[in-house]
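A.B. asks:
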Amino acid sequence: MIYIISFIVFLTGMRSILLLIYRKQRANKVKKLINFSKVDSNKKNILTYGTNLIETQLDKTFKKNSKLVSISSELDKNVKVKAFLFVVIASPVLIANYMGWMKLDNQMLMIALLAILGVIVIVPSRVQTAISQRRFRRISNDIPYCIDLLAVCIQSGMTVEASLAYISHKMEVINKDLSSLLIRTVLRADVSGINAALEQLSGEVVNEEVRMMCSALLQSTKFGSSIYAVLIDLSKEIRQMQLLAMEEKVAALSAKMTFPMIAFILFPLIAIVAGPGLIKMTSTW
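721 is the number of the first residue of the sequence shown in the numbering used here; add one for each residue after it.
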């Protein structure tokens, strides 16, 4: 009986805590909407600042193209679903402990319940952030292919608007997220013009490669300069930047391997070499 009472008290307390967190998040969102004019123009998204901020268009694109991101995002925002999952997962543990199938004292039972709660609260946001970061990196890696296709289309005599409209659907085979961004840019260009659409794309996507591509296209649309050679050079430059970034990671790998080598190779080697001598010394004493 004491387990049931403690479980009810625990659920009541957790419900109050979750409601308090939910209300605080709602208050922060309302405050951001009220003070919209004071928001910094440098947009932030869930990739680096967590899920409490207003989502950008790129985050919505990830949700649209990835079911796992969508599910984890909805689970992270819905307090009721989290509470329901906690009850569903914690109930078998409490029932098994009450029936004697599991032998856990009160301290271990509380640790198990807190671990379940921590997993339910933390894991969805971590999964969403990890998948979003992976898809964000894929956009950076696939931008050179998009630029090459743009260069080929423009060299064949197509305009920038027609080239974007053509490759926006062709890029779906390579990268769905990048294709969605380009399709949205083409739709905006039909309404507000290609310059405004490219500027908005550059502002929405916090990505250096996308901004470089938008700057090159804006240079052509505003000043009428030749863009084919610029796009080819830009594609080569982006690939060179990616290669340099990979070389930096490989160079830093040796420094990161120092601690595992010391922990798993040096100490066992010392034990093997000095162990017999120490054993003989202790036996003589």
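Glycine included, C-beta positions come from ideal geometry on N, C-alpha and C.
What you are looking at is a predicted structure, and each value in this text was computed from that prediction instead of being measured.
#1: For the structure I just gave you, are there three or more beta carbon pairs, one from the stretch 910-924 and one from the stretch 889-897, closer than 8 Å?
#2: What three-state label does DSSP hand S790 in the structure shown?
#3: Grab me the residues of N861's own chain with a C-beta within less than 8 Å of its C-beta, minus the 5 sequence neighbours each way, in chain order.
#4: Could you name the residues of the same chain whose beta carbon sits closer than 6 Å to that of S761, not counting the 5 residues immediately before and after it, in chain order?
#5: Hey, V1031 and A832 are a contact pair by Cβ (cut 8 Å); roughly how many whole angstroms apart?
#6: Taking just the CA atoms, how far does V970 sit from Y865?
#7: What would DSSP say about G877, mapped onto helix, strand or coil?
#8: Assign T978 to one of three DSSP states: helix, strand, or coil.
#9: Which residue wins for smallest C-alpha separation from R857, given the options L829, L973, A747, M966?
#10: Is it buried or exposed for T1028, if we count other Cβ within 10 angstroms and need 16 for buried?
#11: Output the distance between the C-alpha atoms of I840 and K976, rounded to the nearest integer angstrom.
#12: Which first and last residues belong to the alpha helix (DSSP H) in which K823 is found?
#13: So does the stretch 816-830 actually touch the stretch 867-884, counting three or more Cβ pairs closer than 8 Å?
#14: Compute the beta-carbon to beta-carbon distance between L954 and M932, rounded to the nearest angstrom, for a pair I have assumed lies under 8 Å.
#15: Compare the Cα-Cα distances from L779 to each of L834, I836, R854 and report the closest residue.
#16: Between the alpha carbons of G997 and M981, how many angstroms are there, rounded?
#17: Is the beta carbon of L902 closer than 8 Å to that of S922?
#18: Could you tell me the distance, in whole angstroms, from the CA atom of S757 to the CA atom of Q920?
C.D. replies: Considering the structure as presented:
#1: Two segments are said to touch when three or more pairs of C-beta atoms, one from each, lie closer than 8 Å; by this definition the stretch 910-924 does not touch the stretch 889-897.
#2: Here residue 790 corresponds to residue number 70 of the sequence shown, with the count starting at 1. DSSP, read as helix, strand or coil, puts S790 in helix.
#3: The sequence position of residue 861 within the sequence shown is 141, counting from 1. Leaving aside the five residues that flank N861 on each side, the residues in its chain whose CB is nearer than 8 Å to its CB run, in chain order, Q962.
#4: Residue mapping note: residue 761 aligns to position 41 of the sequence shown, counting from 1. With a pLDDT of only 43 at S761, under the threshold of 50, the placement of this residue in the model should not be trusted, and no figure is reported.
#5: Because residue 1031 is not part of the residues shown, which for the chain are 721 to 1005, the question remains open.
#6: Counting from one through the sequence shown, the residue named residue 865 turns up at place 145. Counting from one through the sequence shown, the residue named residue 970 turns up at place 250. Across the structure, Y865 and V970 are spaced so that their CA atoms are roughly 24 Å apart.
#7: Translated into the one-based positions of the sequence shown, residue 877 becomes position 157. Three-state DSSP puts G877 in coil, outside helix and strand.
#8: Here residue 978 corresponds to residue number 258 of the sequence shown, with the count starting at 1. The DSSP-derived three-state label of T978 is helix.
#9: As a first step, residue 857 must be located in the sequence shown, where it is residue number 137. Checked all of L829, L973, A747, M966; the closest Cα to R857 is M966.
#10: As displayed, the chain neither begins before 721 nor continues past 1005, which places residue 1028 out of reach and without an answer.
#11: To locate residue 840, count along the sequence shown from 1; it is residue 120. To locate residue 976, count along the sequence shown from 1; it is residue 256. If you take the alpha carbons of I840 and K976, they lie about 31 Å apart.
#12: As a working note, residue 823 is residue 103 in the sequence shown. No alpha helix (DSSP H) contains K823, which DSSP labels as neither H nor E.
#13: Look at the beta carbons and you see the stretch 816-830 not touching the stretch 867-884: under three pairs across the two are nearer than 8 Å.
#14: Here residue 954 is taken as the residue at index 234 of the sequence shown, counted from 1. Here residue 932 is taken as the residue at index 212 of the sequence shown, counted from 1. Indeed, because the Cβ distance is near 6 Å, the residues count as touching under 8 Å.
#15: If you number the sequence shown from 1, residue 779 lands on position 59. Note on identity: in this sequence residue 779 is Asp, with Leu being the wrong assignment. For D779, the nearest C-alpha among the options comes from R854.
#16: Within the sequence shown, numbered from 1, the residue matching residue 997 stands at position 277. Within the sequence shown, numbered from 1, the residue matching residue 981 stands at position 261. Near 24 Å, if we compare the C-alpha coordinates of M981 and G997.
#17: In the sequence shown, counting from the first residue as 1, residue 922 sits at position 202. In the sequence shown, counting from the first residue as 1, residue 902 sits at position 182. No, Cβ-Cβ distance for S922 and L902 is not below 8 Å.
#18: In the sequence shown, the residue the question calls residue 757 occupies position 37. In the sequence shown, the residue the question calls residue 920 occupies position 200. With a pLDDT of 39 at S757, under the threshold of 50, the modelled position of that residue is not reliable, and the figure given next carries that caveat. Going by the C-alpha atoms only, they are around 18 Å apart.
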